[in-house]
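Enquirer: Quick one: structure below, then a few questions.
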Amino acid sequence: MHVYILPAILLIIIAVLVFYLLKGNREIQSLKQNNNIAVSDCSALEKQLESYQKKDEATDRFFAIVTHDLRGPIGNTGSILQTMLDNPGIYDEETNIEILTALKDTSKQSLELINTLSQWSRIQRKKTKVHPEPFVVQDLIENVIAKTKEKAVHKNITISPVYNSPNPTLTTDIKLASDILCHLVINAIKYSHPGTEVKIYISEEKGGVQFHVEDNGIGISEANMKKVMNKYDFFHTYGTDNEKGPGLGITIVMEYTEMLQGKFHAESKMEEGSDFFVLLPNIVS
């Protein structure tokens, strides 16, 4: 079963990315061929063309990152499994368990990549819908901690919520809010040193709630922060435990925050850590 999982995942990713690449090219060519647009509309056309070109370039970069991140694991998996098939019994039971555990972890990481790609894909196709509902913020935070606990435990990192306001409530899309915080916490864990702490500060603000995710990790340089804040850049680097990733997490955070009518900004210092802030307002239907 493991023999087919990673190649199938790679084929799915390639199919999705090729679709968007071709779609973007068609849109650009269509705009270029439209020569009957009034002069007053030229500025709007140029902006639209520039937007499509940025998306097209971003898809190219993302495609390169994803294929790079998957090529190694798929190649190694294929080689190991082929050796086991060609030489039955070459490894003892303990080694076989270690190999299968590693393959399971690789498959899990690849599926996480698929889930992130799916979120990004739905955003690009404008398929993500907002369904606001009232909820207790503590329930949201507990859910986020539960979802990110495995990654935190793996690096012996503590996730600590800090409530600056008692029993805050919020009316917004709880699923999108959860995805936003999960991406921020996972990002903090990725760039934090083992044995440290990631804090989530929760503060009730006028008309909404602010979430502040703080880590004491490796930090981000000023130049790289500009890339992080550019949703077409897909800033991509390895974590403190050599964790990989396509650089989509913060892009999705920015997109979802905008959908929820919120505000997002980040601060960081090299070797001191990073702070990510998301202010989500109450959405009135």
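With this note's numbering applied, the sequence shown covers 19 to 303. Glycine included, C-beta positions come from ideal geometry on N, C-alpha and C.
Which residue comes first and which comes last in the alpha helix (DSSP H) that contains Thr134?
Expert: Position 116 of the sequence shown, counting from 1, holds the residue named residue 134. Looking at the DSSP string, the run of the alpha helix (DSSP H) that includes Thr134 is Glu111 to Gln142.
Enquirer: Could you tell me which uninterrupted beta strand (DSSP E) segments, each at least 3 residues in length, are contained entirely in the region 212-255, listed from first to last along the chain?
Expert: Counting whole runs of 3 or more residues, the region 212-255 contains the beta strand (DSSP E) stretches 215-223 and 226-233.
Enquirer: Report the three-state DSSP secondary structure of Lys193 (helix, strand or coil).
Expert: In the sequence shown, residue 193 corresponds to position 175, counting from 1. Correct three-state label for Lys193: helix.
Enquirer: Going along the chain, which residues of its own chain have a beta-carbon closer than 7 Å to the beta-carbon of Ser239, five neighbours each way excluded?
Expert: For this step, residue 239 is matched to residue 221 along the sequence shown. Counting only Cβ-Cβ distances below 7 Å, and skipping sequence neighbours, we find Met288.
Enquirer: Residue range of the beta strand (DSSP E) that Glu285 falls in?
Expert: What you label residue 285 is simply residue 267 of the sequence shown in a count that begins at 1. Looking at the DSSP string, the run of the beta strand (DSSP E) that includes Glu285 is Lys281 to Lys287.
Enquirer: Per the DSSP calculation, Val271 is bridged to which residue(s)?
Expert: For this step, residue 271 is matched to residue 253 along the sequence shown. Note: Val271 sits in no beta bridge, so no partner.
Enquirer: For the alpha helix (DSSP H) that Leu297 lies in, which residues bound it at each end?
Expert: Translated into positions along the sequence shown, residue 297 becomes position 279. Unbroken run through Leu297 is the beta strand (DSSP E), Gly291 to Pro299; no alpha helix (DSSP H).
Enquirer: Just verifying my parser: in three-state terms, what is the DSSP assignment at Ser178?
Expert: Locating residue 178 in the sequence shown gives position 160, counting from the first residue. Strand at Ser178.
Enquirer: List the residues that DSSP assigns as beta-bridge partners of Glu151.
Expert: Numbered from its first residue, the sequence shown carries residue 151 at position 133. BP columns for Glu151 point to Thr190.
Enquirer: Look at the alpha carbon of Arg140 and the alpha carbon of Leu278, and state the distance between them as a whole number of angstroms.
Expert: For the purposes of this step, residue 140 is identified with residue 122 of the sequence shown, where counting begins at 1. For the purposes of this step, residue 278 is identified with residue 260 of the sequence shown, where counting begins at 1. Looking at the two C-alpha atoms, the distance is approximately 15 Å.
Enquirer: Quick one: using the 10 Å Cβ neighbour count with 16 as the cut-off for buried, is Tyr256 buried or exposed?
Expert: Here residue 256 refers to the residue found at position 238 of the sequence shown. Label assigned to Tyr256: exposed.
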